[in-house]
Amino acid sequence: MNKKIIMGIVAILITGFLVLPAMSKGLKWENGPSKQAGKSNIGHLYLYEKAPDPDLTREDPWLIVEGGMWGKMKYNLSGSTFDFVFNGHGLPIGQEYTLIYYPDPWPGTGLICLGSGIVTECEEDCIEYDSSGNIHIKGSVETGTLPIEADENFENGAKIFLVPSSDVSCEENKMIGWTEDANLYEGALITFDDTDEQ
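Mapping the sequence shown onto the numbering used here, position 191 (from 1) lands on 533, and the numbers just tick up by one.
Here it is as structure tokens:
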């Protein structure tokens, strides 16, 4: 009896050591999941530096760059305004960035600029990922419900990007340039319900 129990435990441990690492390779996030915080009205979205998958063997043709630039946005899932706080890390110091809602297709006609800021250097109380550039953008924006109906992703959710400010026209609500390796891309699609529209 004891021998069977021990063999069962050994089999479970071996399975765990083999299966869990294989499963973790398929995860889309490194720093944490993009999701709702429990049953609250708060969502968390991670943004990542991504590069095209050279093999094009996956459903998502973009790969998260390991150790690359990244950020996290905390936002409300519903309300009269889209309230958010975004913090980005590992970005080029001195670069001006704009956080946007990007509706497909190119050039993102109807995009919404959520806020802008300049990347600064961490000067004190820095932790390892803060050794390069950081950005903090906070806002309360009247976006309406996201995604907009004209968005090709309307059925699935809205894309949130962090892009160099020189690549976006907030006046014309569209992209005017594309610096692929300077952007942060969504870890997941999000939705926002404007309660004023109900």
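Ideal placement from N, C-alpha and C gives every residue a C-beta, glycine not left out.
Exercise for the section: Tell me whether T533 sits in a helix, a strand or coil according to DSSP, three-state version. Expected result: coil
Practice task
Please state whether DSSP places D509 in a helix, a strand or coil.
Solution key: Three-state DSSP puts D509 in a helix.
Exercise for the section: Consult DSSP for A379 and reduce its assignment to one of helix, strand or coil. Expected result: coil
Handout entry: V461 - containing beta strand (DSSP E), residue span
Key = From DSSP, V461 is part of no beta strand (DSSP E); its letter is neither H nor E.
Handout entry: Bounding residues of the beta strand (DSSP E) (the contiguous stretch that carries E438)
Key = 438-444 is the span of the beta strand (DSSP E), which, as asked, contains E438.
Handout entry: Three-state class that DSSP yields for D425 in the structure shown
Key = strand
Practice task
With DSSP as the reference, please indicate the residues paired to L433 in a beta bridge.
Solution key: G475
Problem - Residue environment, G529, which counts as buried when at least 16 other CB atoms sit within 10 Å - result: G529 should be labelled buried.
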